[in-house]
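In full-length UniProt numbering, the protein residues as written are 1 to 91.
Here you go:
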C-alpha cells in the first residue's frame, strides 16, 4: 500500500482496517528517534494498563461465573427431580 493511497483509518490502532505494517512505516517516516522511543514506551504502558484492566475484569467476574455455574447445576438437578416425579406419577 502506498503512502498516498492509505486512509486515515489504516493508521488508527482501534480501527478494523488498521494496518500495523503501514503504521510502523508511517512512524519511521515521520518521527525522530526520541519520538519513536516515546511512542514505543506509550504502547508498552498501554499494553500493561489494558492487561491489568483485563485481569481485574476476570477477577471481578470470576465469582459471578462460579455462582452462575452453581445455579445452572441446581436447576439441572431440580429439573431431573421433576422429570423423575412426573415419570413416577404418569407411567
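Note that CB positions come from ideal geometry on N, CA and C, so glycine has one too.
All values derive from a computational prediction rather than experimental measurement.
*Roughly how many angstroms separate the alpha carbons of residue 72 and residue 29, rounded to a whole number?*
The alpha-carbon atoms of residue 72 and residue 29 are separated by roughly 56 Å.
*What is the C-beta distance between residue 12 and residue 18, in whole angstroms, given that I count them as a contact (C-beta under 8 Å)?*
Confirmed, Cβ separation roughly 6 Å.
*By how many angstroms is the C-alpha of residue 14 removed from the C-alpha of residue 8?*
Near 11 Å, if we compare the C-alpha coordinates of residue 14 and residue 8.
*For residue 73, does the three-state DSSP call read helix, strand or coil?*
The three-state secondary structure of residue 73, taken from DSSP, is helix.
*asked:* Just to confirm, is the Cβ distance from residue 31 to residue 24 under 8 Å?
replied: No.
_Whole-angstrom distance between residue 78 and residue 54, CA atom to CA atom_ = In this model, residue 54 and residue 78 are separated by some 35 Å (Cα to Cα).
*asked:* Is there a Cβ of chain C sitting closer than 8 Å to that of residue 59, yes or no?
replied: Given the protein chain composition of this structure (a single chain), no chain C is represented.
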